[in-house]
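For the sequence shown, the residue numbers in my numbering are 626 to 957. Think of the CB as a built atom: it goes at the ideal place given N, C-alpha and C, for glycine as much as any other residue. Every value quoted in this text rests on a predicted model; they were computed, and no experiment measured them. Everything below concerns the one structure shown next.
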Amino acid sequence: MYNITLIPGDGIGPEVSEATKCVINATGLDVNWETVNAGKKIFEDTGVLVPDKVFKSIEKNKIVLKGPITTPIGSGFSSINVMLRKKYDLYSNVRPVKSLPGIDSHFKEIDLVIFRENTEGLYAGVERELPDGSFEAIKRITRKASIRIAKSAFEYAKKNNKKKVTVVHKANIIKLTDGFFLNCVREVSKDYPDIELQEVIIDNMCMQLVMNPNQFEVIVTMNLYGDLLSDLCAGLVGGLGLVPGANMGKDISIFEAVHGSAPDIAGKNLANPIALILSSAMMLNHIGETNKAEIIVKAVMKTIFEDRVLTQDLGGKATTTEITEAIIKNII
Ligand code: NAI
Ligand code: MG
Numbered sequence: 626m627y628n629i630t631l632i633p634g635d636g637i638g639p640e641v642s643e644a645t646k647c648v649i650n651a652t653g654l655d656v657n658w659e660t661v662n663a664g665k666k667i668f669e670d671t672g673v674l675v676p677d678k679v680f681k682s683i684e685k686n687k688i689v690l691k692g693p694i695t696t697p698i699g700s701g702f703s704s705i706n707v708m709l710r711k712k713y714d715l716y717s718n719v720r721p722v723k724s725l726p727g728i729d730s731h732f733k734e735i736d737l738v739i740f741r742e743n744t745e746g747l748y749a750g751v752e753r754e755l756p757d758g759s760f761e762a763i764k765r766i767t768r769k770a771s772i773r774i775a776k777s778a779f780e781y782a783k784k785n786n787k788k789k790v791t792v793v794h795k796a797n798i799i800k801l802t803d804g805f806f807l808n809c810v811r812e813v814s815k816d817y818p819d820i821e822l823q824e825v826i827i828d829n830m831c832m833q834l835v836m837n838p839n840q841f842e843v844i845v846t847m848n849l850y851g852d853l854l855s856d857l858c859a860g861l862v863g864g865l866g867l868v869p870g871a872n873m874g875k876d877i878s879i880f881e882a883v884h885g886s887a888p889d890i891a892g893k894n895l896a897n898p899i900a901l902i903l904s905s906a907m908m909l910n911h912i913g914e915t916n917k918a919e920i921i922v923k924a925v926m927k928t929i930f931e932d933r934v935l936t937q938d939l940g941g942k943a944t945t946t947e948i949t950e951a952i953i954k955n956i957i
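Right, dumping it as structure tokens:
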């Protein structure tokens, strides 16, 4: 039996995590779901953002499936996601972006993976007010974090027979921090002589991705650029409802979709659960349940491609419940 921590989160989080839990249970995998919540809703209910039992559960089970958490804009509490990634040193944010047959999108056969440094850089949100009333954000880039994310990307490329890793930066302008990150990636690439290192500046990368995304296989980049490119890439394959992700550390991993809490559709049974369901397949692969992971991915594909059961974001009419039921029916 597996003990897995489930954090439903805010907005559409409870809907998509319930769907995902049902899909995993339908595979027959014996899971003891330990459900604990953190975020905006629990804060409004209890005055605590992350109750102690959340930390205890994560530290005990080490495997977490997590829905999105709402973070207030411009003021209010700082990101729980950033806090968890830093606290548990979940240094590698892995986001596979893949075209799914049967999804109506501009490009076909996209198959790339983003490796986003997940613990530092501008996205860490280290900011301060200066005496003159201005503000600054600190972009800290360390050798340790840069080397290990580069290694994650190259190791993945090697294992999966990928020919090229693309490092994305702005080292022409931001010379010290981005320049240092770039040099760390170059250094790691020397240990992988069979894999090409392609260096692309972030603005050009945005254009390349929307013109010809099929040229990319593995992308490695800093925290904020990785965040931005993730949503861009999701848009290339049919939207945020489809793209899964994993926050990987040395011994703790949190699996979550790329998307946020989608307040515009929350509570309406409209959310596409596929992104979190595919994140759960990544989780099953991680714990060695590769057969079950494959069964889930195949069930999702059949639901989309053969049954044509699609949620609104994919141009269909199915509700969260209907697409979940269709996926469960395809689990054999
Ligand atoms: P979002 O990803 O929540 O939504 C962007 C757009 O995509 C919306 O139109 C939404 O309806 C749509 N969308 C997202 N996921 C969908 C799904 N599964 N099915 C169908 N449509 C979907 O991004 P937004 O609006 O910028 O952020 C909302 C909140 O989520 C913010 O508070 C933000 O901080 C938080 N957030 C949390 C994340 C996390 O916990 N990992 C990640 C990203 C954002
Ligand atoms: Mg994001």
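Can you tell me whether residue i sits near ligand 1, meaning its C-beta is under 7 Å from at least one heavy atom of the ligand?
i	result
S886	yes
E881	yes
P693	yes
D889	yes
D938	yes
N839	no
V641	yes
N718	no
T696	yes
G874	no
G866	yes
A900	yes
I667	no
I637	yes
For the alpha helix (DSSP H) containing residue i, list its first residue and its last residue.
i	result
D958	This structure gives no information on residue 958, because the portion of the chain shown stretches from 626 to 957.
E742	No alpha helix (DSSP H) contains E742, which is instead part of the beta strand (DSSP E) from D736 to E742.
I667	K665 to T671
S814	T802 to S814
Y748	Premise fails: Y748 is in no alpha helix (DSSP H) and is neither H nor E.
T645	G638 to A651
L903	I899 to H911
Please say whether residue j and residue i have beta carbons closer to each other than 8 Å?
i	j	result
V958	F740	The chain is shown only over 626 to 957; residue 958 falls outside these bounds and no answer can be derived.
K927	L654	no
V845	E824	no
V751	A775	no
T744	K711	yes
V964	V883	Lying outside 626 to 957, the shown extent of the chain, residue 964 is not represented and no answer is given.
Y850	A770	no
V934	A924	no
S904	F880	yes
I902	I956	no
V738	I772	no
A887	I637	yes
P676	I667	yes
At a cut-off of 7 Å, is residue i close to ligand 2 when judged by its beta-carbon and the heavy atoms of the ligand?
i	result
D856	yes
D816	no
P828	In the sequence on display, residue 828 carries Asp and not Pro. No; taking the cut-off as 7 Å, the Cβ of D828 has no heavy atom of ligand 2 nearer than that.
Can you give the Cα-Cα distance for residue i and residue j, rounded to whole angstroms?
i	j	result
L631	V656	11 Å
V835	L854	11 Å
N839	C647	34 Å
C831	K795	12 Å
P721	V790	14 Å
E947	N897	10 Å
S700	I820	44 Å
T945	F680	29 Å
K723	Y713	28 Å
L674	K665	7 Å
L939	R753	41 Å
N894	D932	20 Å
N662	A906	21 Å
S704	G885	12 Å
L709	Q833	32 Å
K685	G758	44 Å
T802	A651	47 Å
Taking the DSSP output, what are the residues bridged to residue i?
i	result
M873	S717 and S878
F760	E754
L690	L631 and F880
T660	L631
K954	The partner list for K954 (beta bridge, DSSP) is empty, contrary to what the question assumes.
I844	I739 and T791
T946	Its beta-bridge partners do not exist; DSSP assigns none.
K723	D736
T936	A943
The beta strand (DSSP E) that contains residue i, what's its start and end?
i	result
H794	K789 to H794
I920	From DSSP, I920 is part of no beta strand (DSSP E) but of the alpha helix (DSSP H) over T915 to F930.
I826	E821 to I826
Indicate whether at least one CB of chain B lies closer than 8 Å to the CB of residue i.
i	result
V862	Absent here is chain B; the protein component of the structure consists of one chain.
Is any heavy atom of ligand 4 found at a distance shorter than 7 Å from the C-beta of residue i?
i	result
D852	Ligand 4 is not part of this structure, which contains only ligand 1 and ligand 2.
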